[in-house]
Structures are given as structure tokens and as C-alpha cells.
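Enquirer: Residue numbers 1 to 141, in the UniProt record's numbering, belong to the letters of the sequence shown in order.
My questions will all concern the structure given below.
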Amino acid sequence: MSQLIADNLFRIDGDRAVLQGSRRRSTGVVKFPAERPELFDADPDVQADIEPIDLPTEGTLFTFTSQQFPPPLPYKGHRSPEAFRPYIVGFIQLGDRVLVESLIIGVDAAELRIGQPMVSCTSTFETEAGESLLTYAFRPA
């Protein structure tokens, strides 16, 4: 199995990627990626206010575009025009509180529609150095 692209970003549950977010107990604000309580070490009240949550694995397509050229750094994929492969990226609304930017797989851009149901999944990403990393993605439901 490939290495996860980042620690504490998502976990795998069957064929779904479960994104790991956070919620402020005092306000209900949900964030992804999750806020890390240890970054607020000077304020124990803030640390206690942050709770880890699993985000829904189903959502709706809020917007999307296709990436036709290599993005600027810190993009770690293939950058040469010969090796780069265009891909679709979009924002998925999960519940009523959070939009998540994500790779969209298993579909051509012409087949996507705003408001379309989407489900989380995983996809392998190959770096320019040839390393395979597992990342979260979404696909049509």
C-alpha cells in the first residue's frame, strides 16, 4: 500500500476516505484540515475548545475546474509537459458547514454538474521523484 500523503488528514474506511476535521465546541465552526490544539499551547481554553471530528463521506459538488498545466510549487507531481496529466479539482460541500477542496476522479469534466452527489474515495498520486502517495479524492455517487 502507498504511504499516506499526510498524517492526520484522513483515514481509510473500506472504499471511503474519512476526512479528519475539527469543530470548536464554543461556536460549532468546522475546519478541514483540522485545527491542532497543540498549536495553541499558550491558551488551554482554546485547546479544550477544539474537538476532532470525522467529516461526512458524502457531499455535493459546489464547483470544479480542470487543471490543464502543472501548478506552481509546492506541487510535487510531474512538472514536465510530457509527463503531466491534466486532472479535475473541485470543492465538495460536506454537510452544511464545510467546503473541502479535492481531486475529483472517475469522471470527465463534461459529465459533472454543480450540486451533483459525490462520495469520498482514495487515489494514488505519483510525485516527480517517483514516490507513490495515497490521497483522498471524491467521485460521483
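Backbone N, C-alpha and C fix where the C-beta goes; we use that ideal spot for every residue, glycine too.
Since this is a predicted model, take the numbers as computed values, not measurements.
Would you check if there are 3 or more beta carbon pairs closer than 8 Å linking the stretch 26-45 to the stretch 57-77?
Expert: At 8 Å Cβ cutoff, the stretches do not touch.
Enquirer: From what residue to what residue does the beta strand (DSSP E) around proline 74 run?
Expert: As a working mapping, residue 74 is identified with position 74 in the sequence shown. Looking at the DSSP string, proline 74 is not in any beta strand (DSSP E), and its letter there is neither H nor E.
Enquirer: Output yes or no for whether 7 Å exceeds the beta carbon distance between isoleucine 50 and proline 33.
Expert: By one-based count along the sequence shown, residue 50 stands at place 50. By one-based count along the sequence shown, residue 33 stands at place 33. No, these two residues do not count as a Cβ contact at 7 Å.
Enquirer: For proline 117, which beta-bridge partners are listed by DSSP?
Expert: For the purposes of this step, residue 117 is identified with residue 117 of the sequence shown, where counting begins at 1. The partner list for proline 117 (beta bridge, DSSP) reads Thr60.
Enquirer: Select from Ala129, Thr124, Arg139, Arg97 the residue whose C-alpha is nearest the C-alpha of arginine 79.
Expert: Here residue 79 is taken as the residue at index 79 of the sequence shown, counted from 1. Here the closest residue by C-alpha is Ala129.
Enquirer: Does the beta-carbon of glutamate 111 have 16 or more other beta-carbons within 10 angstroms, so that it is buried, or is it exposed?
Expert: As a first step, residue 111 is located in the sequence shown; it is residue number 111 there, counting from the start. That one is exposed.
Enquirer: Applying the criterion that 16 or more other CB atoms from any shown protein chain within 10 Å of the CB defines a buried residue, is glutamate 131 buried or exposed?
Expert: Numbered from its first residue, the sequence shown carries residue 131 at position 131. Classification for glutamate 131: exposed.
Enquirer: With DSSP as the reference, identify every bridge partner of valine 100, one or two as the case may be.
Expert: Looking up residue 100 in the sequence shown gives position 100. The partner list for valine 100 (beta bridge, DSSP) reads Ile92.
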